[in-house]
Amino acid sequence: MAKITFITQDKETITAEANSGSVMELAVNHNVRGIDGDCGGVCSCATCHVHLQAEDMEKVGRPNEIEADMLELDDNVSEHSRLSCQIPISDALDGVVFKVVN
Ligand code: FES
């Protein structure tokens, strides 16, 4: 089980727990504003863009080439960007904080 925190653009903090699915699915299921998941999680819309804290990058991992290409289309891309639909939930994510980008 991983306890994951989202911080929205308007500074709302939402913490949720899960042990399966993707980070995007968890956010959508908890009505996290700014995570829409329009493409259903197939890495083609970037409406699930999040920024990680630098210290969490190793836990979560870096985007693969396809994800990185999609992120490049977003003006708010940073070295700490991920598409949350591409992050499977596991115990390793316990305590990770995701800042919602849009
Ligand atoms: S939900 Fe579309 S790219 Fe993540």
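Quick note on full-length UniProt numbering: the sequence shown kicks off at 1 and runs consecutively. Glycine included, each C-beta is placed from N, C-alpha and C at the ideal position. Because the structure is a prediction, the values reported are computed rather than measured.
The region 36-55 makes no contact with the region 10-19; the number of CB pairs closer than 8 Å stays below 3. Separation of the CB atoms of residue 24 and residue 91 is rounded to 18 Å, and the pair is thereby denied contact status at 8 Å.
According to the DSSP assignment, residue 17 belongs to the beta strand (DSSP E) that extends over 13-18. Within the model, the alpha-carbon separation for residue 83 versus residue 14 is close to 18 Å. In terms of CA proximity to residue 101, 32 leads the group 32, 44, 67 and 4. Distance from the Cα of residue 93 is smallest, within the candidate group 43, 72 and 61, for 61. Comparing C-alpha distances from residue 6 to each of 49, 76, 44 and 63 shows the shortest one belongs to 49.
The closest heavy atom of ligand 1 lies less than 6 Å from the beta carbon of residue 37. Taking 6 Å as the cut-off, one finds at least one heavy atom of ligand 1 near enough to the beta carbon of residue 24. Only residues of its own chain outside the window of five on either side were considered, and among them 86 have a CB closer than 8 Å to the CB of residue 64, listed in chain order. Exclusion of the five residues before and after residue 3 leaves 15, 16, 17, 94 and 95 as the residues of its chain whose Cβ lies within less than 8 Å of its Cβ.
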